[in-house]
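Top line first, the protein sequences correspond to chains A and B.
Per our numbering, the first sequence starts with residue 1, numbered consecutively.
Per our numbering, the second sequence starts with residue 164, numbered consecutively.
Backbone N, C-alpha and C define an ideal beta-carbon position, used for all residues, glycine too.
Remember, predicted model here, so these are calculated numbers, not experimental data.
See below for the structure under consideration.
There are 2 protein chains.
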Amino acid sequence: MFVLGIDPGLSRCGYSILSGRGASTRAVAAGVITTEPHEPVPQRLVALQQEIRRLLDEFAPSVLAIERVLFQINVRTAMGVGQAAGVVMAEAAATGCEVVEYSPNQVKQAVCGDGAATKQQVGEMVRMLLGLSEQLRPADVSDAAAVALCHMAQSPAPAVARR
Amino acid sequence: MFVLGIDPGLSRCGYSILSGRGASTRAVAAGVITTEPHEPVPQRLVALQQEIRRLLDEFAPSVLAIERVLFQINVRTAMGVGQAAGVVMAEAAATGCEVVEYSPNQVKQAVCGDGAATKQQVGEMVRMLLGLSEQLRPADVSDAAAVALCHMAQSPAPAVARR
Chain A
1 MFVLGIDPGL SRCGYSILSG RGASTRAVAA GVITTEPHEP VPQRLVALQQ
51 EIRRLLDEFA PSVLAIERVL FQINVRTAMG VGQAAGVVMA EAAATGCEVV
101 EYSPNQVKQA VCGDGAATKQ QVGEMVRMLL GLSEQLRPAD VSDAAAVALC
151 HMAQSPAPAV ARR
Chain B
164 MFVLGIDPGL SRCGYSILSG RGASTRAVAA GVITTEPHEP VPQRLVALQQ
214 EIRRLLDEFA PSVLAIERVL FQINVRTAMG VGQAAGVVMA EAAATGCEVV
264 EYSPNQVKQA VCGDGAATKQ QVGEMVRMLL GLSEQLRPAD VSDAAAVALC
314 HMAQSPAPAV ARR
């Protein structure tokens, strides 16, 4: 089962595709989709749409887990983040992929056991949970992996694994 | 030339397709795309995506004019409006349709000559400019027509019309 984690953004949209369960969870692909700030917004949304479509085609994830936009944080960039999240969610749901949103607090709570964890703590827990020697960089990628790990932690393990 | 005006929203997305120029401008289609508030957001975005695609296919507008989301107005609904606007803009731009955003003030200024015009004043000017006996209802439709009229007012007339 592949889970595609998304840290949404218009200038930078982080993604991580995780596979496995529990201690065997591994990242099979990760990166950042960037669009040019000087380009018109509609063209940037199309570029993002095409890259997300490519990921959905290539990996056929069963779930897309995406961090919920919080408008209180930064009103100036919130519009672009909301627009980007809308495009990503529509593309995934249109292919039949389940889409689940998690708040930043839910992600931190699931990954670090503390809804007020710092970026550094989240990055370090993601590193440990994925068995990596170094933290995922840039932070967008690590944050995308964190939301995918959050979804995996919420999902019940298959019955066979519980025996 | 068809101009597709959009008053974006996730629960209610108004649209108006206008044709012609100046005193001959007419509405050829108009309506509201609604999605069910109790449905999951990703499914609602897909429903909106499909309806917008249908309009783009049927009318092949050369321009999509969309009202710019202002987050200051209502933070609670702004997220859905931003997501909906993102989906609409991406769909249009992906088909090669030009996409132009206008602020609410720009729309009121263009249609009423007053950036602080009331909803009622905008509705009445839209009615007059489109040669209708009654105002377009509901307000989402009238607002979508207003942003299309705003675009038409900004666009230079073809050279032949200026002779």
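A contact between stretches requires three or more CB pairs, one per stretch, nearer than 8 Å, and the segment 297-307 of chain B fails this requirement with the segment 243-260 of chain B.
Beyond the five residues adjoining it in sequence on each side, Ala280 (chain B) comes within less than 6 Å, by CB distance, of Lys271 in the same chain, given in chain order. Bounds of the alpha helix (DSSP H) holding Arg207 (chain B) are 204-222. Ala84 (chain A) sits close to Leu48 (chain A), with the two beta carbons spaced by under 8 Å.
Counting along the chain, no beta strand (DSSP E) covers Ala280 (chain B), and no H or E run does either.
In the three-state reduction of the DSSP assignment, Glu124 (chain A) falls in the helix class. Of all residues in the segment 35-57 of chain A, those with a C-beta nearer than 7 Å to a C-beta of chain B are Val41, Pro42, Gln43, Leu45, Val46, Gln49, reading in chain order.
With the rule of 3 Cβ pairs closer than 8 Å, the segment 8-26 of chain A does not count as touching the segment 213-223 of chain B. Taking all protein chains in view, the Cβ of Ala60 (chain A) is surrounded by fewer than 16 other Cβ atoms within 10 Å, so the residue is classified as exposed.
Note on Asp306 (chain B): 16 or more other CB atoms within 10 angstroms of its CB, so buried under the neighbour-count rule. Between the alpha carbons of Asn268 (chain B) and Gly82 (chain A) lies a distance of about 22 Å. Judged by DSSP secondary structure, Val100 (chain A) falls within the beta strand (DSSP E) whose first and last residues are 98-102.
With respect to chain A, the C-beta atom of Gln269 (chain B) has no partner C-beta closer than 8 Å. The Cβ atoms of Val263 (chain B) and His314 (chain B) lie closer than 8 Å to each other. By the CB criterion at 8 Å, Leu292 (chain B) and Ala93 (chain A) fall outside the cutoff. Contact of Gly82 (chain A) with chain B is assigned, a C-beta pair being separated by under 8 Å. According to DSSP, Ser179 (chain B) shares a beta bridge with B:Gly168, B:Ala193.
Judged by beta-carbon spacing, Val232 (chain B) lies within the 8 Å limit of Pro171 (chain B), meaning their Cβ atoms are closer than that value. The beta-carbon distance between Cys260 (chain B) and Val226 (chain B), rounded to whole angstroms, is 7 Å. This is short enough to meet the 8 Å contact definition. In this structure, the CA atom of Ser19 (chain A) is about 6 Å from the CA atom of Met1 (chain A). Collapsing the DSSP output to three states places Glu91 (chain A) in a helix.
At a beta-carbon threshold of 7 Å, the residues of chain B lying near Gly86 (chain A) are Leu208, Gly245, Gln246, Ala247, Gly249, Val250, ordered along the chain. Rounded to whole angstroms, the Cβ separation of Glu67 (chain A) and Tyr102 (chain A) is 6 Å, and the two are in contact under 8 Å.
Any Cβ of chain A closer than 8 Å to the Cβ of Met291 (chain B) would place that residue at the interface, and such an atom is absent.
Taken in chain order, the members of the segment 250-266 of chain B whose beta-carbon sits within less than 8 Å of a beta-carbon on chain A are Val250, Met252, Ala253, Ala255, Ala256, Ala257, Val262, Glu264. In this structure, the alpha-carbon of Ser155 (chain A) lies about 18 Å from that of Ala27 (chain A).
Linking Val285 (chain B) to Asp114 (chain A) through their CA atoms gives a straight-line distance of about 50 Å. Counting only the Cα atoms, Val195 (chain B) lies some 18 Å from Leu312 (chain B).
Here Gly168 (chain B) is buried. Its C-beta has 16 or more other C-beta atoms within 10 Å.
Inter-residue distance for Ala186 (chain B) and Ala309 (chain B) is about 15 Å (C-alpha atoms, whole angstroms).
Counting along the chain, the unbroken beta strand (DSSP E) around Leu227 (chain B) starts and ends at 226-230. Comparing alpha-carbon positions, the option among B:Thr258, B:Val166, B:Glu287 lying closest to Ala192 (chain B) turns out to be B:Val166. Sequence-distant Cβ neighbours of Val304 (chain B) in its own chain, meaning closer than 7 Å and more than five residues away, are Gly177, Ser179, Ala193, Gly194, Val195.
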